[in-house]
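**Q**
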Amino acid sequence: MNDHATTRFARIMDFSTTRIAFASFIGTAIEFYDFYIYGLAVAMVIGPLFFPNSDPAVQALNAFLTFGIAFVARPFGALLFGHFGDRIGRKATLVASLLVMGISTILIGVLPSYEMVGWVAPALLCLLRFGQGIGLGGEWGGAALLAAEYAPAGRRGWFGMFPQLGPPVGFLCAVGSFLLLANLLDDAAFRDWGWRIPFLASAVLVAVGLYVRLKLAETPVFSKAIAAHQPVKLPLLQLFAHHAKPLILGALLMVVCYALFYLTTVFSLSYGVATLGIPRAQFLLMLCVAVLFMAAATPLAAIAGDRYGRRPVLIVAGSAALLSGFLMEPMLGSGSPALITAFLSIELFLMGATFA
34 MNDHATTRFA RIMDFSTTRI AFASFIGTAI EFYDFYIYGL AVAMVIGPLF
84 FPNSDPAVQA LNAFLTFGIA FVARPFGALL FGHFGDRIGR KATLVASLLV
134 MGISTILIGV LPSYEMVGWV APALLCLLRF GQGIGLGGEW GGAALLAAEY
184 APAGRRGWFG MFPQLGPPVG FLCAVGSFLL LANLLDDAAF RDWGWRIPFL
234 ASAVLVAVGL YVRLKLAETP VFSKAIAAHQ PVKLPLLQLF AHHAKPLILG
284 ALLMVVCYAL FYLTTVFSLS YGVATLGIPR AQFLLMLCVA VLFMAAATPL
334 AAIAGDRYGR RPVLIVAGSA ALLSGFLMEP MLGSGSPALI TAFLSIELFL
384 MGATFA
């Protein structure tokens with residue numbers, strides 16, 4: 034290969050890896066936007082609309098139970114799409130997961146309330162929330178795999194960071210959409226129909242994501258396996274047979290990661306508005322500020338991971354995340370917007386560090 038051909042090949046690979054990084058980022062950003070708008074809606078409107086025949090505490094409990102349904106569904110989504118990702122390819126499963134999430138989210142936006150159709154409303158809500166969990170379970174692992182399999186040597190941490198950067202951006206968009214509505218609509222209009230707008234807006238975002246995903250080529254690793262007639266017949270058995278220990282350790286680490294995130298966002302929003310009496314628009318703005326720290330921590334942790342190794346970064350970030358729990362009572366419970374914003378920023382920064 035002459036110098037001209039080598040240079041041309043390098044440019045093609047640079048363009049390809051850049052496009053792959055963007056595709057893995059945009060998909061997770063859209064899917065996490067869809068996932069997070071439900072969490073924010075739970076903290077504000079889901080209880081009274083879908084579980085009205087109970088006291089406020091029971092309404093909130095029922096609403097948070099529907100939020101938790103997606104976490105039951107996500108492992109099934111990961112297993113389902115992971116299996117077919119190894120059988121038919123990453124591209125097809127990433128397109129399918131985006132569709133499942135998008136359709137579920139849009140349908141939540143048009144779902145009738147309990148007053149309109151009775152028990153059918155919460156039943157359908159639970160079903161669609163399960164669909165969101167299936168879609169996200171398939172999306173995240175597939176997007177990370179897509180980025181990592183295209184990553185140049187020595188830069189897997191950096192390229193693997195792009196799908197992890199999607200969640201803070203998706204969350205920022207989700208919070209921003211509800212913040213905009215809080216400033217444009219009064220409380221009655223928001224509870225009546227305004228909360229549906231972020232769900233329906235997902236249709237546009239999903240269309241963009243599908244366009245990007247459909248333009249992708251299959252990953253080199255999977256293409257080589259197909260060319261050699263070596264696709265894995267039972268990926269799940271291979272996974273547990275050869276990678277059981279890192280799988281279990283990774284899952285346990287993510288328990289810390291997710292507990293940190295949802296306590297900081299969904300629970301804190303509900304607690305701050307309902308218990309501390311902070312206006313909804315103000316608390317949403319505080320979350321917007323805090324999530325910027327999560328977005329900043331993600332690439333920093335990726336760079337550190339490529340330089341010093343994944344394990345030291347995870348140990349330091351995970352230990353700091355566990356210790357940060359002692360800040361909740363004095364900072365979140367203080368009622369001071371400045372202290373609460375600082376607490377949210379610290380927690381989400383540590384979330385970003387473990388996330389990457």
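Going by my numbering, the first residue of the sequence shown is number 34, and it counts up by one from there.
Backbone N, C-alpha and C fix where the C-beta goes; we use that ideal spot for every residue, glycine too.
Please state whether the Cβ-Cβ distance between Leu218 and Gly227 is less than 7 Å.
**A** yes
**Q** Do you know how far the Cα of Leu365 is from the Cα of Leu372?
**A** 7 Å
**Q** Tell me whether Gln271 is buried or exposed, calling it buried when 16 or more other Cβ atoms sit within 10 Å of its Cβ.
**A** exposed
**Q** Taking just the CA atoms, how far does Phe294 sit from Pro81?
**A** 25 Å
**Q** Rounded to the nearest angstrom, what separates Leu267 and His116 at their Cα positions?
**A** 7 Å
**Q** Can you grab the Cα-Cα spacing for the pair Ile340 / Gly174, in whole Å?
**A** First, the residue type needs correcting, since residue 340 is Arg and not Ile in the sequence shown. Going by the C-alpha atoms only, they are around 23 Å apart.
**Q** Terminal residues of the continuous alpha helix (DSSP H) containing Asp225?
**A** Asp220 to Asp225
**Q** Applying the 10 Å Cβ sphere with the 16-neighbour rule, what's the burial state of Ala43?
**A** In this predicted model, Ala43 has a pLDDT of only 44, less than 50, meaning its place in the structure is not dependable enough to derive any value.
**Q** Put Ala375 into one of helix, strand or coil per three-state DSSP.
**A** helix
**Q** Using a 10 Å radius around the Cβ and a threshold of 16 neighbouring Cβ atoms, would you call Ser352 buried or exposed?
**A** Around the beta carbon of Ser352, a 10 Å sphere encloses fewer than 16 other beta carbons of the protein chains shown; the residue is thus reported as exposed.
**Q** Which residues in the same chain as Val306 place their Cβ atom closer than 8 Å to its Cβ, once the five residues preceding and following it in sequence are excluded?
**A** Listed in chain order, the non-local C-beta contacts of Val306 below 8 Å within the same chain comprise Ala76, Met77, Pro312, Arg313 and Phe316, local neighbours out to five positions each way being set aside.
**Q** Say whether the segment 103-119 touches the segment 144-156, bearing in mind that this needs 3 or more beta-carbon pairs closer than 8 Å, one atom from each stretch.
**A** no
**Q** Can you tell me which of Arg120, Leu179, Gln92 and Phe65 puts its alpha carbon nearest to the alpha carbon of Met134?
**A** Phe65
**Q** What are the boundary residues of the alpha helix (DSSP H) that Asp119 is part of?
**A** Pro89 to Ile121
**Q** Quick check on Ala62: does DSSP put it in helix, strand or coil?
**A** helix
**Q** Quick check: what's the CA-CA separation for Gly199 versus Ala221?
**A** So the alpha carbons of these two residues sit roughly 32 Å apart.
**Q** What number of angstroms, rounded off, separates the C-alpha of Ile379 from the C-alpha of Ala323?
**A** Each residue's Cα considered, the two are about 8 Å apart.
**Q** Which word fits Asp442, buried or exposed, when buried means at least 16 other C-beta atoms lie within 10 angstroms of its C-beta?
**A** Lying outside 34 to 389, the shown extent of the chain, residue 442 is not represented and no answer is given.
**Q** Leu325 to Leu205, Cα distance in whole Å?
**A** 8 Å
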